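Contents: one structure, followed by commentary.
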Amino acid sequence: MEAAEDFIDATPDQRKVIDAAKESALARLEQRMAAHQGEREQWLQLLVADKVNANDIYAKVDAKAEDAKALARELVPELIKVHDALTPAQRQKLAEHAKKMHGRGHGPGGFGGH
Numbered sequence: 011m012e013a014a015e016d017f018i019d020a021t022p023d024q025r026k027v028i029d030a031a032k033e034s035a036l037a038r039l040e041q042r043m044a045a046h047q048g049e050r051e052q053w054l055q056l057l058v059a060d061k062v063n064a065n066d067i068y069a070k071v072d073a074k075a076e077d078a079k080a081l082a083r084e085l086v087p088e089l090i091k092v093h094d095a096l097t098p099a100q101r102q103k104l105a106e107h108a109k110k111m112h113g114r115g116h117g118p119g120g121f122g123g124h
């Protein structure tokens with residue numbers, strides 16, 4: 011994240027907004043991960059059962075999709091805060107860099123350690 015902040019010449023105030031949004035998003039992700047401890051074991055039990063129950067598997071898939079949707083909705087306000095903290099020129103600079111880097115296998119943002 012610091013590399014992105016440096017790349018767009020973020021001001022100290024912008025960095026505070028970005029860092030707070032990042033911390034909030036990471037906290038939400040950690041909460042989700044903690045809530046899903048043991049989920050892998052549940053999947054394994056479904057798959058090693060003598061008779062597979064498709065309805066149980068579909069229910070788990072649906073629950074996982076709903077959870078992902080809920081998480082994404084929780085993160086939207088943080089994205090909006092970052093958006094609103096940046097200037098149009100900074101947002102454009104990030105977008106252009108992300109497009110360039112995405113094609114090179116650097117992930118969606120193009121910054122950070124791969």
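So that you can map any letter, position 16 of the sequence shown is 26 in my numbering, and since no number is skipped, the others follow by simple counting. Just so you know, even glycine gets a beta-carbon here, dropped at the ideal spot from N, CA and C. Bear in mind the structure is a predicted one, so any value in this text is a computation, not a measurement.
In this structure, Leu85 sits away from Gln24, with a CB-CB distance that is not shorter than 9 Å. Within the region 31-117, the alpha helix (DSSP H) runs of at least 4 residues that lie entirely inside it are, in chain order, 49-58, 64-95, 98-112. Comparing alpha-carbon positions, the option among Val27, Met11, Ala45 lying closest to His93 turns out to be Val27.
Contact between Asp66 and Leu56 holds: their C-beta atoms lie close to 6 Å from each other, under 8 Å. Ranking Arg42, Pro98, Ala13 by CA distance to the CA of Leu81 puts Arg42 first. Counted as a single uninterrupted DSSP element, the alpha helix (DSSP H) harbouring Asp16 occupies residues 12-17. Of the residues assessed, Ala31 falls on the buried side of the cut-off, its CB having 16 or more other CB atoms within 10 angstroms. For Ala37, the number of other beta carbons within 10 angstroms of its own is below 16, and it is reported as exposed.
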